[in-house]
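**Q**
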Amino acid sequence: MKTFLILLRGINVGGKNKVPMAELRNCLEGLGFLDVSTFIASGNVVLTSDRTAVEVAAQIEAALPEAFKLDSELIKVLVLTRDQLQSVVDDRPEGFGDQPDKYHSDAIFLMGVTSAEVMPIFNPREGVDRVWPGDGVVYAERLSAQRTRSRLSAMMASPLYKSMTVRSWKTTVKLLEILRARGTSGER
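Pasting the structure below:
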């Protein structure tokens, strides 16, 4: 059995694709997943399975549009092990996420695309935004005092945006704590 973090892209955003967390847990348990728990309503799930990460992602992606009223084109599933999420946290740029009062920091998780492919769609405003490529992730931060001047949201106009799911750095670190509490590193 392996413990996985499931990041769902496109649910409970802007009033679209509403998925109540209790119903999501029931749906996933009905698919045979064990120890299913959710963290906040933005599509973060931790579960245990004897299936591979690829099998877990495919099964959840197929089940969600059948179980909930969704715009299925927007929904994607990313499955990570604790080791993979640990690497995202360990490999962050120096100082990234360390000043939450000064910067708003996000981990932009990539689904089927590389950071080299997506970096050109970012148009950071000098002195406001900064972005760094990572392995399966783009690290992005903007100066909190000048958030309204940020150009990072311009990435949402790109078709590549459908292959990304964004989590705040605070949420990313909390999800790693949850996986650590489960006590298994999962599949590498």
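FYI, UniProt numbering numbers position 96 of the sequence shown as 96, with every residue one higher than the one before it. C-beta atoms are modelled at their ideal positions from N, C-alpha and C, and glycine is treated no differently.
(1) Name the two residues that bound the continuous beta strand (DSSP E) containing P133.
(2) In terms of DSSP beta bridges, what is Y103 paired with?
(3) With the cut-off set at 8 angstroms, would you say V45 and L24 are in Cβ contact?
(4) Which of the three DSSP states is assigned to S153 in this structure?
(5) Pairs of beta-carbons, one from the segment 104-122 and one from the segment 137-157, closer than 8 angstroms: are there three or more?
(6) Q99: which of K170, A116, L152 sits nearest, CA to CA?
(7) Report yes or no: is there a C-beta of chain D within less than 8 angstroms of the C-beta of C27?
(8) Near L176, what residues of its chain come up, given a Cβ to Cβ distance below 6 angstroms and the 5 sequence neighbours on each side ignored?
(9) D129: buried (16+ other C-beta within 10 angstroms of its C-beta) or exposed?
(10) Could you check which residue in M155, K16, V113 has the C-alpha nearest to that of V131?
(11) Report the rounded CA-to-CA distance for residue 194 versus L74, giving the unit in angstroms.
(12) Taking the alpha helix (DSSP H) that R182 falls in, what are its first and last residues?
(13) Looking at the unbroken beta strand (DSSP E) that takes in R9, where does it start and where does it end?
(14) Would you decide whether R9 is buried or exposed? Buried here means 16 or more other CB atoms lie within 10 Å of its CB.
(15) Provide the residue(s) that pair with T165 in DSSP beta bridges, ordered along the chain.
(16) With the cut-off set at 8 angstroms, would you say M1 and S49 are in Cβ contact?
(17) Consult DSSP for N44 and reduce its assignment to one of helix, strand or coil.
(18) I40: which of R182, G183, I178 sits nearest, CA to CA?
**A** A quick look at the data gives this:
(1) Here the beta strand (DSSP E) through P133 covers 129-133.
(2) The partner list for Y103 (beta bridge, DSSP) reads L143.
(3) Taking the C-beta atoms as reference points, L24 is found nearer than 8 angstroms to V45.
(4) S153: helix per DSSP, three-state reduction.
(5) A contact exists between the segment 104-122 and the segment 137-157.
(6) Residue K170 is the option with its Cα nearest to Q99.
(7) You won't find chain D in this structure, because it holds only one protein chain.
(8) Closer than 6 angstroms at Cβ, skipping near neighbours: L85, V89.
(9) The residue in question, D129, is buried, as its Cβ has 16 or more Cβ neighbours within 10 Å.
(10) That would be M155, whose Cα lies nearest to the Cα of V131.
(11) Past the boundaries of the shown model lies residue 194; the chain is included only from 1 to 188, so the question cannot be answered.
(12) From DSSP, the alpha helix (DSSP H) with R182 extends over 169-182.
(13) Start and end: 2-9.
(14) Under this definition R9 is a buried residue.
(15) T165 pairs with F109.
(16) The Cβ atoms of M1 and S49 sit closer than 8 angstroms to each other.
(17) Strand at N44.
(18) Each of R182, G183, I178 was checked against the Cα of I40, and the nearest Cα belongs to I178.
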